[in-house]
Structures are given as C-alpha cells and as structure tokens.
Amino acid sequence: MLELTKSRPASGLARRAALLILILGAAACSAQSQDAIAREAARSTVNRVVVERFPGVPVQPAIDCVIDNASAQQIYALAVDTVGGPTESSIQIVSEIAARPETLSCLANRGLPALLQGALR
C-alpha cells in the first residue's frame, strides 16, 4: 500500500533553483508550451492542497476548476511550489481561487455531478 508522507518545504535557495530550472526549461519553448508546462506543474501543487485541505471534494474537478480560474501569476507561483511541496502561500492562493464565484460555479457544475456519481456506486 502506498503511504503518503508530508515533505518539508524547500529552503529559499532550493526554491530559487527550482524557479531557475523552470524558467530556463520554459525559455526554450513557445509561449503556449511554457503555459502548458507551468499549468501542469501548478496542477501538482493544487492536487496536494486539495487532497490535504479539502477532504471529500472530488479531486480532479476541483483541480480543473482552480487551474482554469487562476491568473498567470498564480499559476507560476503554484508551479514553483511543485518542487518543495505546498507552502502556506500556495494554500492561500488555492483557497483564494476556490472562493471566487467563477470557481464555485465551476465546482457546482463539474464537482457536484462527480460527487453524486461516486455516491451512487
């Protein structure tokens, strides 16, 4: 059985190194590729936050709704936290995005059907 463990947040130096790697890797890509890379990295952080902070919420619809309603700046901030795990800042960012009316509407449209479908099994 796979056991999840909490990792310690990365140091400031490790975060800067991760950001530098992300930037250098993305620099060789088109703007669309850069966005896709950042969004996938941010998804990893959002996944951890949703699982840890919002138990019982359908994970995949919640991740999709948060990512779809995040600004580019928020996406990049969440992407950086992929390396060391969620920080208080990333938890705050996800919580702020989740509280937006657009995100709540998305969760109602995508998350509720997934939740009900799981209950009917």
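Numbering (my numbering), first residue to last: -2 to 118. Heads up, the beta-carbon is just placed ideally off N, CA and C, and yes, glycines get one too.
In its own chain, which residues sit with a C-beta less than 6 Å from the C-beta of residue i, not counting the 5 before and 5 after it?
{"i": "TYR73", "result": "ALA35"}
{"i": "GLN88", "result": "The residue you asked about is not Gln; residue 88 is Ile in the sequence shown. The answer, listed in chain order, is VAL46."}
For residue i, I'd like the list of residues in its chain whose CB is within less than 8 Å of its CB, leaving aside the five on either flank, ordered along the chain.
{"i": "ARG5", "result": "In this prediction, ARG5 has a pLDDT of 47, which is less than 50 and means its spatial position is unreliable; what the coordinates show is noted afterwards. Excluding residues within five positions, the ones whose Cβ falls inside 8 Å are GLY81 and GLY82."}
{"i": "GLU0", "result": "With a pLDDT of 38 at GLU0, under the threshold of 50, the modelled position of this residue cannot be trusted, and the question is left open."}
{"i": "ILE64", "result": "ARG36, ALA39, ARG40, VAL43 and ILE72"}
{"i": "MET(-2)", "result": "Caution is warranted here: a pLDDT of 36 is assigned to MET(-2), below 50, making its placement in the model unreliable, and the coordinate value is therefore given only provisionally. Excluding positions up to five away in sequence, the list is empty."}
Assuming residue i contacts residue j under a Cβ cut-off of 8 Å, what Cβ separation, rounded to an integer in Å, is found between them?
{"i": "ALA38", "j": "ALA76", "result": "4 Å"}
{"i": "ASN44", "j": "CYS103", "result": "Actually they do not touch by this definition, with Cβ atoms about 16 Å apart."}
Who are the Cβ neighbours of residue i in its own chain at under 7 Å, not counting the five residues just before and after it?
{"i": "VAL48", "result": "VAL56"}
{"i": "ASP50", "result": "Residue identity differs from the one stated: residue 50 is Arg in this sequence, not Asp. Correct list, in chain order: ILE88."}
{"i": "THR79", "result": "ALA38, SER41 and THR42"}
{"i": "GLU99", "result": "ASN66"}
Based on Cα-Cα distance, which residue from the options lies nearest to residue i?
{"i": "VAL91", "options": "GLY53, SER30, GLN31 and SER68", "result": "SER68"}
{"i": "ALA96", "options": "THR42, SER86 and CYS62", "result": "CYS62"}
{"i": "GLY108", "options": "SER86, THR84, GLY53 and THR79", "result": "GLY53"}
{"i": "THR42", "options": "LEU101, PRO98, LEU104 and SER86", "result": "SER86"}
{"i": "GLN70", "options": "ASN106, ALA105 and ILE94", "result": "ILE94"}
Using 9 Å as the limit for Cβ to Cβ distance, is residue i near chain C?
{"i": "ILE64", "result": "The chain inventory of the structure shown lacks chain C, comprising one protein chain alone."}
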